[in-house]
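Residue 161 in the UniProt record's numbering sits at position 161 of the sequence shown, and the numbers go up by one each step.
Here is the structure we will look at, set down as structure tokens.
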Amino acid sequence: MEPHFGAPHPNANGSYKYRFACCPRLIPASMSSSSAQPEAVDLPEVENYVSHMLRTTKPRPAITWQNFVGELNWFNVIMLSAVPLMGLVGAYFTALRWETALFSVAYYFFTGLGITAGYHRLWAHRCYNAGIVLQYVLACAGAGAVQGSIKWWSRGHRSHHRYTDTKLDPYNATEGFWHSHIGWLMVKPRRKQGPADISDLTKSAVVRWQHRNFYALILIMGFVVPTLIPWLGWGDARGGYVYAGLLRLSFVHHSTFCVNSLAHWIGETPFDDKHTPKDHVITAFATIGEGYHNFHHQFPMDYRNAIKWYQYDPTKWFIWVCQKLGLASHLKTFSDNEIRKGQLTMQLKHLHKTQESLAWPAASEDLPVVTWEAYQSEAAKRPLILVSGFIHDVTTFLDEHPGGRHLLVKFVGKDATAAFFGGVYEHSNAAHNLLAMKRVGILHGGIPHALDDRAVPPSQRLKIARYTELGSSSAYSDGEAGLI
């Protein structure tokens with residue numbers, strides 16, 4: 001998810017056009033403004049839309065030392081630098097009262113939830129339905145985070161999900177941590193972000209109201225309210241402005257930025273590794289619960305980011321409480337069966353990688369087939385033992401056998417199958433696996449049926465294989481009778 005900074009520029013006829021930027025300024029255009037991007041998107045039918053756009057559109061020139069100054073988005077540079085700087089200077093000259101400290105933290109969560117529960121999960125992803133009261137509260141809280149209007153923010157976020165890790169992603173994580181965190185806001189984008197449909201948002205009265213009144217809302221919710229409450233409550237207007245206003249706003253900004261950067265940089269990929277999003281508890285704490293980003297990108301319409309009860313996701317808890325209070329309804333959750341499929345897929349991938357890194361017994365088709373006479377003749381030269389039709393060379397294991405050397409020696413040149421499978425000792429799985437690694441041949445007519453457990457070591461009775469390595473399990477059927 002992302003904040004939007006940037007502004008439209010008026011044409012001579014009074015209409016508006018958008019800058020060549022993926023990030024509007026603090027103030028969005030009015031709802032009546034015309035836009036270069038239609039709200040309902042009808043994409044061309046091509047094999048790969050991203051590749052098509054990269055072929056048919058021209059990027060901005062590469063940034064060099066010669067054009068660097070001109071390529072900076074100076075409004076964003078000034079705003080994102082001035083707010084924390086003013087806050088730090090103000091904090092140096094302003095004592096922090098405990099009441100103001102508590103209020104600042106509370107207001108951080110209030111405005112942060114406006115982004116995570118409102119802009120992100122309600123409007124960008126439609127993860128749940130919110131009553132009109134909750135919608136207005138979240139719209140005001142989100143305005144206090146000063147990250148653009150619902151309409152602009154959600155449009156960019158939908159583009160991010162649609163074109164993740166591509167040149168059409170407004171904050172493409174593959175271009176580096178700095179770029180995805182804040183760099184994409186500081187410089188003019190090299191390409192326009194990919195189109196996304198926001199026609200549903202333009203039908204919302206709350207979204208239209210917030211978009212029209214965004215100037216006033218960011219001033220009131222971003223600075224007036226956090227100054228006014230400490231002033232009226234305990235006479236600390238200055239502290240409220242510095243700590244609950246400026247510094248709180250900086251923390252909210254970078255909390256959001258961390259979802260674009262940190263959540264694509266550290267952590268695990270328990271559901272899919274096609275793209276960069278990752279799950280990590282540190283990111284969750286830094287982003288009010290948005291840190292289980294791998295799950296979110298796989299199941300974006302799920303109102304949860306964290307599916308385990310012990311995982312930190314206060315946004316999920318807030319939405320759940322709102323449902324219990326009658327303020328929200330229709331909380332969407334993805335099928336547990338499909339979630340577990342994603343987890344299983346990744347577990348199998350990791351296991352397959354481990355499987356491929358291990359040494360395995362020689363395949364039956366690669367072993368020579370010998371007669372009983374040839375086996376006994378060769379066993380006179382070196383210690384060979386027959387078990388389950390396979391001939392094993394135990395030269396290096398004679399002195400390491402836990403039961404003693406003599407137990408192996410007495411079966412050299414003989415069939416030790418019955419003894420190995422319980423006649424002398426019921427051997428462990430490890431013993432079966434180790435014995436299979438010592439196969440050097442097959443006795444003609446002596447190997448058991450391929451499905452006999454004795455012919456397959458325990459480590460190979462379950463095997464992970466790609467579908468291309470397996471025969472087709474489906475049969476061609478001509479007609480509807482073959483469908484299920």
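We put the beta carbon where it would ideally sit given N, CA and C, even for glycine.
For Y163, the closest alpha carbon among the candidates A143, K192, G144 is that of K192. Between A237 and Y107, the C-beta spacing is not below 8 Å.
The Cβ atoms of K353 and L386 lie no closer than 8 Å to each other. Distance from the Cα of M186 is smallest, within the candidate group G90, L72, D197, for L72. Residue nearest to K324 within the set S104, L351, A130 is A130 (criterion: CA-CA distance).
Approximately 20 Å separates the beta-carbon atoms of T417 and S377; this is outside 8 Å, ruling out the contact. Contact check between the segment 173-183 and the segment 139-152: fewer than three CB pairs, one atom from each, fall below 8 Å, which does not count as touching.
Looking at the backbone, the Cα of Y171 and that of I229 are separated by about 36 Å. Each of V409, H392, I391, F390 was checked against the Cα of L398, and the nearest Cα belongs to V409. Going by C-alpha positions, G289 is about 11 Å away from C258. CA-to-CA, the gap between H293 and I266 works out to about 10 Å.
Buried is the label assigned to M53, since at least 16 other Cβ atoms lie within 10 Å of its Cβ. Note that the segment 81-97 does not touch the segment 269-277; fewer than 3 beta-carbon pairs, one per stretch, sit closer than 8 Å.
In the DSSP assignment, R439 falls within the unbroken beta strand (DSSP E) covering 439-443. In its chain, beyond the 5 residues on either side, I391, D393 have a beta carbon closer than 6 Å to the beta carbon of V440. Distance from the Cα of H253 is smallest, within the candidate group Y467, H432, L434, T111, for T111. Counting only the Cα atoms, S261 lies some 16 Å from K167. At a Cβ-Cβ threshold of 8 Å, H275 and D165 count as neighbours. Judged by their CB atoms, V412 and A362 are not nearer to each other than the 8 Å cut-off.
As DSSP reads the structure, L434 sits in no beta bridge. Judged by DSSP secondary structure, F75 falls within the alpha helix (DSSP H) whose first and last residues are 74-93.
CA-to-CA, the gap between I464 and I339 works out to about 20 Å. Annotation: the continuous beta strand (DSSP E) that includes D393 extends over 390-393.
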